[in-house]
Amino acid sequence: MNPINPINPIRSSPEPLILARGLTRSYAVGDGAVIGINAVDLNIPAGEMVVLKGNSGSGKSTLLALLAGMDRPTGGELTVAGHTLSAPGGVDFTRYRREVVGMVFQSFNLLPTLNVLENVCLPALLAQKPAAAVRAKALELLEWLGLTPRLKHNPAQLSGGEMQRTAIARALINDPALILADEPTGNLDSRNGRIVIDLLAQLNRRSGRTVVVATHSDLADELATVRIRLRDGAIADPPCHG
Amino acid sequence: MPRLTFFLRLFLWFSVRHMRRHLGRVLVVLFGIALGAAVFTSVRLSVHASLQSFMRSMDFFAGTAEKVLVRPGGHVPESVMPSLLAHPAVKGFSPLLTTYVRVVPAAGGAFLLVGIDPLLDQPFRAWRLRGARADASERWLDLIREPKTVVLTEPLAREIGTVSGARVTLDHSCSRAEFRVAGILVPEGLALVEGGRVALVDIATFQEFTGLLGVLDRIDIRFKAKTTQKEIEDLAGKLPEELELRSPSAARDSGSAMIRAYQLNLSVLSFASLFVGMFLVYSLVALNAASRRRELAILRALGASPRLLFNLYMAEGALFGLCGWLLAIPLGTLLVKYLLHSVSQTISTLFVRVHVEGLALSPAEVFISFGVTLFVAVAAAFQPAREAMGVAPKEAMEIAHSGAPHRRQAGRLAAWAAGCLIACVPLALMPGLSGVPLPGYIAILLLFVGFSLTAPWILENLGRALAPLLRRLAGMPAYLAARYLRDSGARTSISVGALITAVALFTALVVMIHSFRQTVELWVRQTVSGDLFVTTKLGQVNRFRFPIPEEITARLPALASGADLVPSRRYPLSYGDLPYEFEAMGMEEFLTHGGFVWLKGDAEALRPVLVNGEGLLISEVFAYRTGLGPGDTFRAWIEGSRVELPVAGVIRDYRTDGGVVFYSWRHFKERFHDPGWSGVRFYFRDRGADIEGKTAALREAIISRWGERLDMISGKELREAVLRIFDETFAITTVLLLIALAVAALGITTTLTVLVLERARQLSTLLAVGASFRQVRSMICWEAAFLVAAGEAAGLLCGFILSYLLVFVINRQSFGWTFLYTVDGGALALSVPLIVLTALAAALPAVRKAVGQR
């Protein structure tokens, strides 16, 4: 990895970055309801490296989807970086996803018809930033991540690690306050998994950016500043700091 | 601007690159929409070229005349000219005679010969000779000074291979004569009439040549400034009663109205090909939306708005429309070469004589063609684009998605369908608007929409009813297929709707064309019966205006002692704005050998009425357009005779779009005046012997005596020619039908592929729980069979209703005629296995996909 770090530092704020009170998401199934997460309270200051742990079905992905603005709560309150995600009409979710969060997925989710550089540029272009500046920024990020030789390659021509690094570059292109990673090592071998977790930790440490990683893996445990364990949609133990 | 740049960039990255990866299917869709656009555009352009040619011709011919004096069915006597000259309101007038002639020995076809008074005509029409002014004027005066001189247009001179100063022999219905070419006309004004196929002679020369001494076809009149309507009425009152003062634009307006109505009808028919192209675009855009659902979710997760996704898919439809239209240009260029001629021929046969030299590209027509193609393609993309809008960003987090949520709305859609189908009934009963069957077209649209909307209901109930039975008879794959389609939702139904539309179009057009042909065959057999038809030379092209000379008609019966003769005289007349033909014919002899195809009235009961001249028959078209029927009185001025006769019955006739009136020749002569014979047909009394041999012998006998003065055709040849023209007219429709079926089969392919892509997880689960590849294949084939069966059954039903609308509503409102409704069981029975096999073969790519995915 190139030692240059093109990530802009985030200014610290006394306000909590993530504030949740009684956060609930349930799904109607037939005549009944299935609970995704139930009455979750969170207070995460900016600059933390949060690791969400739990078994399958514990509610990790549901919580991440709510934080990412991809889903909406059915109960409780949720505020992220000053945006109230729980109030109806309280936020423009499209804009929120563009500007506030950067998302890293388990299955990379690169668009197959776009090459590496174009995939990385896409969120910034969606946010209508000037193309030249976006391209320059994307090139910097890709150089930092060691992907310069792969700029013109399509996702199908990349290894798993390269795809996930491309996805990380894409998550950073808009300088979001919050990076969310959903099982980022789930489709990677342990070496590449380690690299990805280290990168996320670097992002957190060097830029003060808040990173939330939902994972089964123990790779991130030692780097986490906050550890949250979910069970059956609720927080199993009080958040563990340090 | 930056937004547009970004959108175009994203469209290129996301959509165009995806299309490039699936070039095969994109090209098929493009070809489909291009073919539809090419057919639609070339049909419109071809009719437009005829319309333009006709209107230009009529405008040049009408010149600056303000009124035209005519005598319906006959000629205007020259003796009225002093009255015109003496009337204070008349500023000037120009007498005119026209006929079609040809050059002998034959060089090119017939062309228009116009007889004018070169001095009186100057203020009316623009025409001048080539060459220096003084020389041209000198030669121009030759027309008056020297008998048997003619001036020709340049294209005509080139065609017949002559030059100024040379001599040409012209052949006319009544005579043949040699003319000196006094000059060549500059291509302007009158010289542009009928595409330049026109020649001018002095009116006296014309009268001498054609034998029309002392009479004229018409007199064009100009009035002094500030002439009032009252003064014009005063002039009309001073003229003989049988003469009419008409507007010079009347013929142009009625002719162009007929061509425009014909254009609309052909446009609607050709739109069918674009309509099926629309389903093709829909299928592919829907396939793209379904197969890229995850990518759409990713875009949403990265901050793309629902509207952006909607726009991407609408742009995809627009790109198909644009490229399809561009591709249609070369296709249409090929097609228009074929259509230009056949359309102008049809217009000349049915409505008015047109001569189309080439294609005139009209910006309005280009715009209509582009606009309609683009609209159709974008409209086709609308539903998939809306579905793309609904993709949730959260789907990006799923490892494998379970497909689009299915909506259960069959009952609601069936209620809408019932509404649409019920609305068809009053619309079908409404009259057309200005000759355009607009309510009928709306009824057809509602019929298609109604049947397409019933598709979910049909599938749901078919699946529910058949699933248990199929489990017992064909095992689990058939059962699962029936259950899946029962719940498959709107997408499947839309493809079944496409198949319903294609099958319905196929069925309806097969029924309509078959009914039409059967009726025309019957009409040809009965009404166009006869062993030999004889007319004056160029009789057809001159609309039988010139009678056969008496010296010939007197001697014809002696030549065919074993035959009965049916003389006839046709008059081209107008009933208000409706041009029609009045035919006086040897009724008794005709009814002995031939007959009419009756619509209203009893043939046997009315026979004495017709033979005794107590009533006349009107064609269905004439009855529909004029509102006359049995018991009403027909009134007309014919060659100066006031004809008032009761209508005895209504018969079918497909000769012209304007209708025909038949009356006894003998009684016309007794009651009104001697009409002469414009034609005669022979029937050999002894039907057992060699009719063809006898016909040939009679023909030879006539040729040896008056071969240069008469045109002849055997009844067999004439009937074959009529049916050949019919078959050629409908050849393009048959091609459209095949395209529609191919497109429908392609729709089934994409539907099945979408279904496979949408439930990748379900298929994997099936395999995981023990289903074999063979069973999965079998299940998909059963699904195809269900789709096809539902589409075919509903399509047939829809097709029969549509055929009824076409035969009894659209044709009646467009052309005024209907046909005897007959079903071509053979063609329909053949089509069923054809459609089933095509559609089942269309399941193969989906099967490959299903197995390949695993």
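As you go down the protein sequences, you meet chains A and B in turn.
For the first sequence, position 9 matches number 9 in the numbering used here, and the numbering has no gaps at all.
For the second sequence, position 231 matches number 1231 in the numbering used here, and the numbering has no gaps at all.
C-beta: ideal position from N, C-alpha, C; glycine also.
Rounded to whole angstroms, what's the CA-CA distance from serine 1053 of chain B to isoleucine 1442 of chain B? Just pull it up for me.
So the two alpha carbons sit approximately 31 angstroms from each other.
Three-state secondary structure (DSSP) at histidine 1406 of chain B?
A caution first: histidine 1406 of chain B carries a pLDDT of 48, below 50, which makes its placement in the model unreliable, though a value can still be read off. Histidine 1406 of chain B falls in the coil class under three-state DSSP.
Counting along the chain, where does the beta strand (DSSP E) carrying phenylalanine 1093 of chain B start and finish?
First-last of the beta strand (DSSP E) with phenylalanine 1093 of chain B: 1090-1104.
Quick one: list the residues of chain A neighbouring alanine 1304 of chain B, beta-carbon separation under 8 angstroms, in chain order.
Within 8 angstroms Cβ-Cβ: Thr94 and Leu126.
Could you tell me whether the region 1018-1028 of chain B touches the region 1158-1168 of chain B, where touching means 3 or more Cβ pairs closer than 8 angstroms?
No: the two stretches stay apart, fewer than three of their Cβ pairs being nearer than 8 angstroms.
Does any residue of chain A have a CB that is nearer than 9 angstroms to the CB of alanine 1289 of chain B?
Answer no: the Cβ-Cβ gap between alanine 1289 of chain B and chain A never drops below 9 angstroms.
Nearest-angstrom Cα distance between isoleucine 1552 of chain B and glycine 1676 of chain B?
Near 11 angstroms, if we compare the C-alpha coordinates of glycine 1676 of chain B and isoleucine 1552 of chain B.
Report the residue from B/Phe1634, B/Phe1533, B/Phe1684 and B/Val1503 whose alpha carbon sits nearest the alpha carbon of proline 1833 of chain B.
Nearest C-alpha to proline 1833 of chain B: B/Val1503.
How should arginine 1724 of chain B be labelled, buried or exposed, when 16 other C-beta atoms within 10 angstroms of its C-beta is the threshold for buried?
Exposed, because fewer than 16 other Cβ atoms sit within 10 Å of the Cβ of arginine 1724 of chain B.
Along the alpha helix (DSSP H) that carries threonine 1626 of chain B, what are the first and last residues, could you check?
Threonine 1626 of chain B -> alpha helix (DSSP H) spans 1620-1626.
With a 10 Å radius around its C-beta and 16 neighbouring C-beta atoms as the bar for buried, classify proline 1431 of chain B as buried or exposed.
Answer is exposed; the Cβ neighbour count stays below 16.
I think valine 1285 of chain B touches proline 1384 of chain B, with their Cβ atoms under 8 angstroms apart; what is that distance to the nearest whole Å?
Rounded, the Cβ-Cβ distance is 4 angstroms, consistent with contact.
For asparagine 38 of chain A, name the three-state secondary structure that DSSP assigns.
Asparagine 38 of chain A falls in the strand class under three-state DSSP.
Note down, in chain order, each residue of its chain lying with its Cβ closer than 6 angstroms to the Cβ of arginine 1307 of chain B, except the 5 sequence neighbours on either side.
So no residue of the chain qualifies.
For chain A, check one thing: does any of its Cβ atoms lie closer than 9 angstroms to the Cβ of glutamate 1316 of chain B?
No - not a single Cβ of chain A is within 9 angstroms of the one on glutamate 1316 of chain B.
How should asparagine 1612 of chain B be labelled, buried or exposed, when 16 other C-beta atoms within 10 angstroms of its C-beta is the threshold for buried?
The residue is exposed, with fewer than 16 neighbouring Cβ atoms inside 10 Å.
How many Å lie between alanine 1404 of chain B and leucine 125 of chain A at the Cα?
Here alanine 1404 of chain B scores only 46 on pLDDT, less than 50, and its place in the model is too uncertain to base an answer on.
Express the C-alpha separation of leucine 64 of chain A and glutamine 1762 of chain B in angstroms, rounding to a whole number.
Approximately 27 angstroms between the Cα atoms of the pair.
In chain order, what residues of the region 166-184 of chain A put their CB closer than 7 angstroms to some CB of chain B?
For the region 166-184 of chain A, which is checked against every Cβ of chain B, the residues closer than 7 angstroms are Asp182.
Under the three-state reduction of DSSP, which class applies to arginine 1709 of chain B: helix, strand or coil?
In the structure shown, arginine 1709 of chain B sits in coil (DSSP, three-state: anything other than H, G, I, E or B).
Output the distance between the C-alpha atoms of glutamate 1620 of chain B and valine 1647 of chain B, rounded to the nearest integer angstrom.
Going by the C-alpha atoms only, they are around 12 angstroms apart.
Enumerate in chain order the residues of its own chain whose CB-to-CB distance from serine 1515 of chain B is below 7 angstroms, with the five nearest sequence positions on each side excluded.
Excluding residues within five positions, the ones whose Cβ falls inside 7 angstroms are Val1807, Phe1819, Leu1820, Tyr1821 and Thr1822.
Please report the straight-line C-alpha distance between alanine 1182 of chain B and serine 1164 of chain B, rounded to a whole angstrom.
Distance between the alpha carbons of alanine 1182 of chain B and serine 1164 of chain B: 6 angstroms.
Where leucine 1606 of chain B and arginine 1218 of chain B are concerned, what is the direct C-alpha to C-alpha distance, given to the nearest angstrom?
Roughly 38 angstroms separates the two Cα atoms.
For alanine 28 of chain A, which residues in the same chain have their Cβ closer than 6 angstroms to its Cβ, ignoring the five residues on either side in sequence?
Nothing meets the Cβ criterion.
Considering Cα atoms alone, identify which of B/Ser1704, B/Glu1692 and B/Glu1708 is closest to lysine 1716 of chain B.
Answer by Cα proximity: B/Glu1692.
Checking contacts by CB at 9 angstroms: is leucine 1008 of chain B closer than that to chain A?
Judged by the 9 angstroms Cβ criterion, leucine 1008 of chain B is not in contact with chain A.
Quick one: any contact between the region 149-157 of chain A and the region 83-95 of chain A, if contact means 3 or more CB pairs under 8 angstroms?
No: the two stretches stay apart, fewer than three of their Cβ pairs being nearer than 8 angstroms.
Name the chain A residues whose beta carbon is nearer than 7 angstroms to that of lysine 1394 of chain B?
What lysine 1394 of chain B touches in chain A: Ala65, Met70 and Asp71.
Could you tell me whether the Cβ atoms of tryptophan 1127 of chain B and glycine 1189 of chain B are closer together than 9 angstroms?
Yes, Cβ-Cβ distance for tryptophan 1127 of chain B and glycine 1189 of chain B is below 9 angstroms.
Does the distance from the C-beta atom of isoleucine 168 of chain A to that of leucine 42 of chain A stay below 9 angstroms?
Contact: no.
Taking 9 angstroms as the threshold (beta carbon to beta carbon), is leucine 158 of chain A in contact with chain B?
No, because no Cβ of chain B sits closer than 9 angstroms to the Cβ of leucine 158 of chain A.
For the pair the region 58-75 of chain A and the region 1008-1020 of chain B, tell me if three or more CB-CB distances fall below 8 angstroms.
At 8 angstroms Cβ cutoff, the stretches do not touch.
Hey, quick one: how far does the alpha helix (DSSP H) through phenylalanine 1007 of chain B stretch, first residue to last?
Start and end: 1002-1010.
Quick check: the region 1070-1080 of chain B against the region 1625-1643 of chain B, are at least 3 beta-carbon pairs closer than 8 angstroms?
As far as the Cβ criterion goes, the region 1625-1643 of chain B touches the region 1070-1080 of chain B, which means the pair count is three or higher.
Anything in chain B within Cβ reach of arginine 206 of chain A, meaning under 9 angstroms, just list it in chain order.
What arginine 206 of chain A touches in chain B: nothing, since even the nearest Cβ is about 24 angstroms away.
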